[in-house]
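For reference, the structure discussed in these notes is given below.
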Amino acid sequence: MAATTIESAKLLLGPIYVGTILSVCLFGVCAGQCTIYFSSPRRKQDNLTIHLLVIWELFLSIFCAAVSVYFVWLYLVGNYFNPSFLASAPWPLTAVPLLSGLSACPVQIFMAYRVLRLSKSRLVFGLMVFLTMANGGIAFATSVLAFGLTFDQGSRLTPVADSWLAITVVNDLAVTVLLIYYLHKSRTGFKKTDNVITRLIRSALESAAFATFFSIMVLIMFTVFPRTGFHLMFSQPMGRIYMSTLLSTLNGRESLRQDLHGGTPESVNVLELRNLRPVCPN
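Everything in the sequence shown is counted per this note's numbering, starting at -2 for the first residue and increasing by one.
Right, here's the structure in full:
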């Protein structure tokens, strides 16, 4: 095998291997979060839409984890003695943007709905849904345009892929900033209520940090190193990042309720803090 082929293999197979490990590990984390959600009494109070969203994300994560493993199999087992396969772009590679979009868009709409419940602004909600739809549409277009290209021709996708990733970053940042802004406005001056709001703000920052970091890294790697697979280290696990964000939000409600009501059977709607009755400090 020529030295250039060996170097190409390192720049492609290494990131694919790392991305697959991250994707499968994060799937394990999400599976644990799903177990917590489905065993929680709070789940029974959620409507059918939330249940379907969790099931969709779980199904998609199982599929993506299987695709990631098959991705590694194609290169390291099925075509181990076929160096020319390194120049191809098999369907697990071209499907990465589509699968990421299918996972990210429903979660982004869910987060936009949280902003709507806090802000009461249909305009803000409409703009966020528009960004989400644009994100999903361009992700789909990126996958479609990638079919039939060789790996070395991937740089042709830079304009459309950069557009998709830039919109993803903007959308994630917008959700974070708006949630923090409206949560901060919801402060009441009562200690227990404000403590819950502080936890929600911290949770929004922590959840968004991972999604935004991965989106930015994919954007940087694909733009700066278009002829390598470096972007796959971050793009393969992106869907699991969004699923974890969703489940962290849903699973965190019980502890928030206990903080607010001291463990009483009252429920708390973390989507609409303006309707919470302030709890007077002792």
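We put the beta carbon where it would ideally sit given N, CA and C, even for glycine.
Smallest Cα separation from residue i: which of the options?
i	options	result
Leu50	Lys117, Val104, Arg111	Val104
Ala158	Leu216, Arg250, Ser252	Leu216
Val174	Leu154, Thr185, Leu197	Leu197
Gly249	Phe210, Phe211, Glu203, Met214	Glu203
Ser252	Tyr179, Thr190, Trp88, Gly145	Thr190
Gln30	Gly16, Val126, Leu55	Leu55
Trp70	Phe231, Leu57, Leu10, Ser58	Leu10
Asn132	Phe24, Ser212, Asp43	Ser212
Ala6	Ala205, Pro80, Lys41, Thr147	Pro80
Cys102	Gly186, Leu162, Ser118	Leu162
Pro87	Arg40, Ile13, Lys117, Gly134	Ile13
Val167	Phe144, Phe210, Leu142, Phe187	Phe210
Met230	Leu96, Met214, Ser37	Met214
Verify whether the separation of the beta carbon atoms of residue i and residue j is less than 8 Å.
i	j	result
Ala280	Pro94	In the structure as shown, the chain begins at -2 and stops at 279. Residue 280 is therefore absent and cannot be evaluated.
Ser140	Gly236	no
Val172	Met108	yes
Met218	Phe227	yes
Thr165	Pro223	no
Leu128	Tyr179	no
Ser200	Ser241	no
Leu247	Tyr110	no
Val112	Leu176	yes
Leu19	Gln150	no
Phe82	Asn76	yes
Val347	Thr32	This structure cannot settle anything about residue 347, because the visible part of the chain is limited to -2 through 279.
Ala84	Thr147	yes
Thr220	Leu8	no
Ala205	Asp169	yes
Just verifying my parser: in three-state terms, what is the DSSP assignment at residue i?
i	result
His228	coil
Gly123	helix
Phe35	helix
Phe210	helix
Phe56	helix
Ser85	coil
Arg76	The residue asked about is misnamed: residue 76 is Asn in this sequence, not Arg. Here Asn76 sits in coil by DSSP.
Gly186	coil
Pro12	helix
Leu146	coil
Phe222	coil
Thr17	helix
Output the boundary residues of the alpha helix (DSSP H) element that contains residue i.
i	result
Asp298	This structure cannot settle anything about residue 298, because the visible part of the chain is limited to -2 through 279.
Asn44	Counting along the chain, Asn44 falls outside any alpha helix (DSSP H), and DSSP gives it neither H nor E.
Val112	93 to 116
Gly236	235 to 248
Is there a Cβ from chain D that is less than 8 Å from the Cβ of residue i?
i	result
Arg153	No chain D appears in this structure, which consists of one protein chain only.
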